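Participant: Chains A and B are the protein sequences, given in the same order. Sequential numbering of the first sequence, starting at 1, is according to my numbering. Sequential numbering of the second sequence, starting at 1001, is according to my numbering. Let me give you the structure first, and then I'll get to my questions.
Protein chains: 2
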Amino acid sequence: MLNSILESPLFRIVNPQSIAFFGASNRFTSMGTNQLSSLKSLGFEGKIYPIHPKEKQVLELKAYLSVLDLPEVPDLAVMVLPTRVVPQVMAECGQRGIKNAIVVSGGFKEVGGEGPALERKLLAAAEKFGIRFLGPNCLGVANPHHKFNVTFLPFEGRPGFIGMASQSGSFITQMFDYLRRFKLGFSTGISVGNEADVDLVDALEYLAVCPHTSVIALYIETIRRGPAFIELARSIVRHKPIVAYYAGGSEAGKRASFSHTGALAGADALYDGVFRQSGVIRAHSIPELFDFCWVLGACTRPQGNRVIIQTHSGGPGAAAADACSRVGLDLPPLSEKTLAKLAPLVPHTGSLNNPVDLTFSKNPMDFFAAIPDVLLSEAGADGLLVYFLTPTQIVRRNMESMGISEDEMPELIDKLFGDQAASVADLLGKHQKPLIGFTFQSPDNPFIQKLLDHGIAVLPSPERAARAMAALVGYSRLVNRLSTPASP
Amino acid sequence: MLNSILESPLFRIVNPQSIAFFGASNRFTSMGTNQLSSLKSLGFEGKIYPIHPKEKQVLELKAYLSVLDLPEVPDLAVMVLPTRVVPQVMAECGQRGIKNAIVVSGGFKEVGGEGPALERKLLAAAEKFGIRFLGPNCLGVANPHHKFNVTFLPFEGRPGFIGMASQSGSFITQMFDYLRRFKLGFSTGISVGNEADVDLVDALEYLAVCPHTSVIALYIETIRRGPAFIELARSIVRHKPIVAYYAGGSEAGKRASFSHTGALAGADALYDGVFRQSGVIRAHSIPELFDFCWVLGACTRPQGNRVIIQTHSGGPGAAAADACSRVGLDLPPLSEKTLAKLAPLVPHTGSLNNPVDLTFSKNPMDFFAAIPDVLLSEAGADGLLVYFLTPTQIVRRNMESMGISEDEMPELIDKLFGDQAASVADLLGKHQKPLIGFTFQSPDNPFIQKLLDHGIAVLPSPERAARAMAALVGYSRLVNRLSTPASP
C-alpha cells in the first residue's frame, strides 16, 4: 500500500494539469480526434497542446508542429499514432522532459510479427528518459472527478465511486452509458492495455488510495505479477472491497483454434484460488461485476446472512426467496414482536411469513415507511430485500378519477414518487442495515429514477439482488475475519 | 393434445365475445375498477355488462343490478368481489346460463381458516351449473390478439408470440412492460390462481393449440397433476417449445418459518426430473425464462453447438467466449475458405480467431453485411453471436464534422441505423442459422430499437446470449431425438 497517492506512477497519468496530444486532427474518422473531443467535451480545465505536422488548429485548439516547440513541459503525453512512429515520439517527449504518457496506439505485442520488437523499442525509449506510461494498445483513462476523459467515448454520466482497472478498454468506455442508466459512475477508469510499463497491479495500488474510489472493479484476462497482486490485494481488502471478473474464455477462444485440452478449467480454478487467497470477490459476468460494486459501495455492511424479503406480489417474493436460498442467505421467521407491529399494517390476504407479502397496502405509503421500518428493526435479521413496483398507469388512473387534470399530474406524480423514495432513504440512515431493492421495471422508470437519485441500490431482478446481498455478506465476513486477531 | 382449440375449457374464458363484470365501480381505489379499465383501454370489441348494486353507469357503461337482468347470456363472468359473496354470485351466473368465469377474488384456500370451505362451496356452485372457471385468487387473462385484457394493469405492448401460464399473476401483468421494452409480448397470458377448477395443465393444453403462441412460458410453484403434466408436455414439445421457471424458494420461504429440513433440495431435484422427463427447458430466473422464449420463438433452430462470435471489442468478445465455454457451446476455428473471404475485410489489428474481433471496420457497413454473411456461410459453424454497439455520440460527431446540421441529423441517423438493422435481418432470411445479438446498451437505444423492430433477438449481456443460444441448441437436439424413430 502506498503512503500517498502522489507516490503512484499513475498519479500524473490520471490527474494531469497539461497534456501534449498526438494523433488528433480535424477528421472524425480518426480515433485520436474522437479522443481529444472526449477530453474537450468533459470540460478539462488544464492546458491541451495538440501536436500536428500540418494543422495550425486542431478542434479549435492551437496546434504545434513538434513537442519540442511547446511553451511548457506538459504533465502527460497522449499518443494515438501509427505504430511505427510511437517509439520515436516517446523519445522526443523524453527530450522535452515529459515524464508520463498514455500510448493508445495498437499493433505491438498483441499482433505478433514485428510487434514485440517495436514494444521493446518503445519501452527502451521510455526507460531512457524515466517516462512511466500506460499501454500501448489501451483506450486511456477516465477520471471524471478531474474532468479528465481521454477515451474514445464521451463521458456523460456522473462521477461515481467505482474505480476500475481493465485489460479491455471497452469495459471502461462502453460502461459509461451502462453505469449512467443506474446513476452510477466511475471514480476513475483505467484501461491498462499491453501493460508494457504500468500494469494492473500499479492500477490497483493507485485505486486503493484514490479518495473518490470506495470499491475497486477489475476486468482480468491475465495477471502478470501474481504474487505482487495477491499481497497487494490482501492489504487493500481490509478497508476497500475488490471485485474481479476473469474472462477465462478469452483463453478458450484462442485455444479453440488449436485443440481442446481442457486447459481452461485449470486456468479458471487457478484464478479462483488467487481471488480466494487475496480476498477478491469474484463476479461471473460484467453486469454482476457492477452489481457487486454497486451494493459494496452504496450499502451498509450486514452483520450476518439473515434476510427479510418485503413484497406486494407473491411471484417476485417467491423468486427472491428461491434466489436467496441458492446463494446461502437465510430467511428467518419474524419475531413475535415484529409480527405484532406488522399486524395492523397488513391486510388479511397478505402473508407475514418471510417473504412478507402485503398483496396490497392498506395505506400505500406504509410500503415505503412503516413496514420497512418495522422489518429493519427486527433483531433477528441483518438486511432487507424490497420489491419495488409502482405502476405509473395505476397512479394516473387514480389521479384521473380524483378529478386531477392531465396538466397537474406530472408534478404530482413526481412529488409522490419523490416522497416515497425519500422515505425509504430516511430508513437507511436510521437503521445500520443494508436495504437492496429489486424490480423488473426499467431503471428509466420515473419511480425507480427517484430511488436511484437517493442512492438506493435497485437491481434488475430478484436473483441479481440476492447475489449482490450475498456478496455484501461475504465481504462483511471477510473484513470481520481479517480484523479479528488470531487466537494465541 | 386437443384436436381443436374449441375443445379447451379455456377457449371462451380467453376469447369471450361478451362479459358480465362484477366488482367494478367508478372508484379507482377498487381493484375491479382497474381491471375493467384495462379491458376498456385495450379496445375490447365485444359487449361488457357491469353488474353493480347501486350505480346506473360504471366507467361510462350501462350497469345492471343483477346478472339475471342482462339482455343476453354473456360468454364469461368476471368476479372481483368480496370473498363471501362469490359462491352465491357463481350460482346466479349459473342460473342465467353463463358457462365460463374468472374469479379474481382472493381469501380462499390460500389464507387457511374458512378459506378452503369457501373454495369448496364455490366449486360446488360452479359444478352444479357446469361452469368452468379460472381462479379464485388469480389476476385474470390477457389475450391482446383478441383485444382482451382483464388484468389489473393496462396492456400497452404489442401482441406477441409468448403464451404464458403462471401461478403468479404478477408474472403476467408486471411483464407487460418488461416484454414491451424488448418489443416482445404475450400471445396470451393466463394467471391460474388457486386452480380450483381449470389448472396449469389445462392452460398448457390451450397454449399448445393456440395459433398465436409459438413458445410456451410457465411460472410454477407446484404441479398438482404431475403425470398429466408430463404426458401432455412430452406431446407438445415435439412441435412447440416449453420453458419453465420453478420457484423452489417459495417452499423455502414457507418452511424457513419452521425448520431447515433440506426439503427444498429434494423438491428442486424432483422438479428438475419432471422437466427433463417431459422435455421442458428449465430457466433459472424470470429474465432467463423470457430470454429463452425470445430466441426459441424468434430464431432458426441450429443443427449443432458450434458457434462463431463476431465483435469489434476484445473484452465483450472474450466474455462471450468464456460464457459459451461454460454452457457447452463450441467455438470452432474458421476454415481456410472463410479466412480467405474475411482477410480483405478485417484490419491488421483485428483477430481472425474465434471470436472474430474486428477492432474497427474498414467499412463500418461490413460489420452488418459482408462479415456476418461470411461467418454465417462457414460450414463448420451452426450459429452466430454478434456484439452490437453503435454509439450514437460517435455517429453524431462524424456527421458534425461532415458539416451536417443538427436539424438533419435525426433523420439521417434513423436511416443509417435502419439500414444497418435491415442488412442484418436480410441475412437471417438468407442463411438458415440462428443469429443472436448481445449488447450492454439499453433496449431503448435507437440502434438496438431498430434491430428489435426487425425481430432480431439482442440480449442484454454476453452471458445471457450464450445461455439462450445453448437453450436453442438443447431444444433443437430434443426435437431431433424425438423425431428420430427408435432403432428396431
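Note that CB positions come from ideal geometry on N, CA and C, so glycine has one too. Being a predicted model, the structure only gives us computed values, none of them experimental.
Please confirm if the stretch 1069-1081 of chain B is in contact with the stretch 1113-1125 of chain B, defined as three or more CB-CB distances below 8 Å between the two stretches.
Facilitator: Verdict: no, contact absent.
Participant: Quick one: grab the DSSP three-state call for Gly-160 of chain A.
Facilitator: If DSSP states are grouped into helix, strand and coil, Gly-160 of chain A belongs with coil.
Participant: What do you reckon, are the CB atoms on Val-243 of chain A and Ala-203 of chain A nearer than 7 Å?
Facilitator: No. Outside cutoff.
Participant: I'd like the span of the beta strand (DSSP E) that includes Asn-100 of chain A, first residue to last.
Facilitator: Segment 100-103, the beta strand (DSSP E) holding Asn-100 of chain A.
Participant: Which residues in the same chain as Ala-298 of chain A place their Cβ atom closer than 7 Å to its Cβ, once the five residues preceding and following it in sequence are excluded?
Facilitator: Contacts found: Gly-455, Ala-457.
Participant: Do you know whose CA, among B:Phe-1447, B:Arg-1224, B:Ala-1101, B:Thr-1222, lies nearest Leu-1139 of chain B's CA?
Facilitator: Taking only the C-alpha atoms, the option nearest Leu-1139 of chain B is B:Ala-1101.
Participant: For Pro-154 of chain A, I'd like the list of residues in its chain whose CB is within less than 6 Å of its CB, leaving aside the five on either flank, ordered along the chain.
Facilitator: Excluding positions up to five away in sequence, the list reads Ser-38, Ser-41.
Participant: Taking just the CA atoms, how far does Lys-433 of chain A sit from Arg-180 of chain A?
Facilitator: Each residue's Cα considered, the two are about 26 Å apart.
Participant: By a C-beta neighbour count over all protein chains shown, 10 Å radius and 16 as the cutoff for buried, is Gly-23 of chain A buried or exposed?
Facilitator: With 16 or more other Cβ atoms within 10 Å, it is buried.
Participant: Helix, strand or coil for Arg-224 of chain A? Go by DSSP, reduced to three states.
Facilitator: Three-state result, Arg-224 of chain A: coil.
Participant: Helix or strand or just coil, what does DSSP make of Gly-266 of chain A?
Facilitator: Residue confidence is low: Gly-266 of chain A scores 49 on pLDDT, short of 50, so the model does not pin down where it sits. No coordinate-derived value is stated.
Participant: Compare the beta carbon distance of Ala-125 of chain A and Ala-77 of chain A with 7 Å and say whether it is the shorter of the two.
Facilitator: No, Cβ-Cβ distance for Ala-125 of chain A and Ala-77 of chain A is not below 7 Å.
Participant: For Asp-491 of chain A, which residues in the same chain have their Cβ closer than 8 Å to its Cβ, ignoring the five residues on either side in sequence?
Facilitator: Lying before the first or after the last residue shown, residue 491 of chain A is absent from chain A, which here runs from 1 to 488.
Participant: Could you list the residues in the stretch 268-296 of chain A with a C-beta less than 7 Å from some C-beta on chain B, going in chain order?
Facilitator: Of all residues in the stretch 268-296 of chain A, Ser-285, Ile-286, Pro-287 have a Cβ within less than 7 Å of some Cβ in chain B.
Participant: For Asn-143 of chain A, which residues of its own chain have a beta-carbon under 6 Å away from its beta-carbon, when the five flanking residues on both sides are left out?
Facilitator: Here the set comprises Val-14, Thr-188.
Participant: Can you tell me whether DSSP reads Asp-357 of chain A as helix, strand or coil?
Facilitator: Note: Asp-357 of chain A maps to strand in three-state DSSP.
Participant: What are the residues in the stretch 1145-1175 of chain B lying within 8 Å of chain A by C-beta distance?
Facilitator: If the cut-off is 8 Å between Cβ atoms, the stretch 1145-1175 of chain B has Phe-1152, Leu-1153, Pro-1154, Glu-1156, Ser-1166, Gln-1167, Ser-1168, Gly-1169, Ser-1170, Phe-1171, Gln-1174, Met-1175 near chain A.
Participant: Using a Cβ cut-off of 7 Å (strictly closer), state whether Gln-449 of chain A contacts chain B.
Facilitator: So no, Gln-449 of chain A is outside the interface.
Participant: Which chain A residues are close to Tyr-1219 of chain B, counting only those with a beta carbon under 7 Å from its beta carbon?
Facilitator: The contacting residues are Gly-315.
Participant: Contact between the stretch 158-176 of chain A and the stretch 1300-1317 of chain B: three or more CB pairs below 8 Å?
Facilitator: Flag = yes, the stretch 158-176 of chain A and the stretch 1300-1317 of chain B touch.
Participant: Can you tell me the Cα-Cα spacing of Asn-34 of chain A and Thr-151 of chain A, whole angstroms?
Facilitator: For Asn-34 of chain A and Thr-151 of chain A, the distance between alpha carbons rounds to 8 Å.
Participant: 7 Å is my cut-off, CB to CB: does Pro-391 of chain A come that close to chain B?
Facilitator: So, interface residue.
Participant: Mind listing the chain A neighbours of Thr-1029 of chain B? Cutoff is C-beta to C-beta under 9 Å, in chain order.
Facilitator: In chain order: Asn-398, Ser-401.
Participant: Listing by chain order, which chain A residues have their CB less than 8 Å from the CB of Asn-1034 of chain B?
Facilitator: By Cβ distance, chain A contributes Ile-394, Arg-397.
Participant: Cβ of Ser-18 of chain A within 7 Å of Cβ of Lys-54 of chain A?
Facilitator: For Ser-18 of chain A and Lys-54 of chain A, no; Cβs fall outside 7 Å.
Participant: Of all the CB atoms in chain E, is at least one closer than 7 Å to the CB of Arg-1306 of chain B?
Facilitator: Absent from the structure: chain E. Protein chains present are A and B.
Participant: So what's Lys-1056 of chain B in DSSP terms, helix, strand or just coil?
Facilitator: Looking at Lys-1056 of chain B - three-state DSSP - the assignment turns out to be coil, as it is neither helix nor strand.
Participant: Looking at the unbroken alpha helix (DSSP H) that takes in Ile-286 of chain A, where does it start and where does it end?
Facilitator: From DSSP, the alpha helix (DSSP H) with Ile-286 of chain A extends over 286-298.
Participant: Check whether the Cβ of Ser-442 of chain A lies closer than 7 Å to any Cβ atom in chain B.
Facilitator: Closer than 7 Å: yes.
Participant: What are the residues of the stretch 325-359 of chain A that lie near chain B, defined by any Cβ-Cβ distance shorter than 8 Å?
Facilitator: Within the stretch 325-359 of chain A, the qualifying residues are Ser-325, Arg-326, Asp-330, Leu-331, Pro-332, Pro-333, His-348, Thr-349, Asn-353, Asn-354, Pro-355, Thr-359.
Participant: Nearest-angstrom Cα distance between Ile-131 of chain A and Ile-98 of chain A?
Facilitator: Each residue's alpha carbon lies about 7 Å from the other.
Participant: Compare the C-beta of Ser-461 of chain A with all C-beta atoms of chain B and state if any pair is closer than 7 Å.
Facilitator: True, the Cβ-Cβ gap to chain B drops below 7 Å.
Participant: In terms of residue numbering, what span does the alpha helix (DSSP H) encompassing Tyr-206 of chain A cover?
Facilitator: From DSSP, the alpha helix (DSSP H) with Tyr-206 of chain A extends over 200-209.
Participant: State the Cα-Cα distance for the pair Ile-448 of chain A and Thr-392 of chain A, rounded to the nearest angstrom.
Facilitator: Whole-angstrom Cα-Cα distance: 11 Å.
Participant: Closest to Ser-1377 of chain B by C-alpha separation, out of B:Arg-1306, B:Phe-1417, B:Asn-1480, B:Lys-1450, would be which residue?
Facilitator: It is B:Arg-1306.
Participant: Using a C-beta to C-beta distance shorter than 7 Å, which residues of chain B count as neighbours of Arg-181 of chain A?
Facilitator: The contacting residues are Ser-1442.
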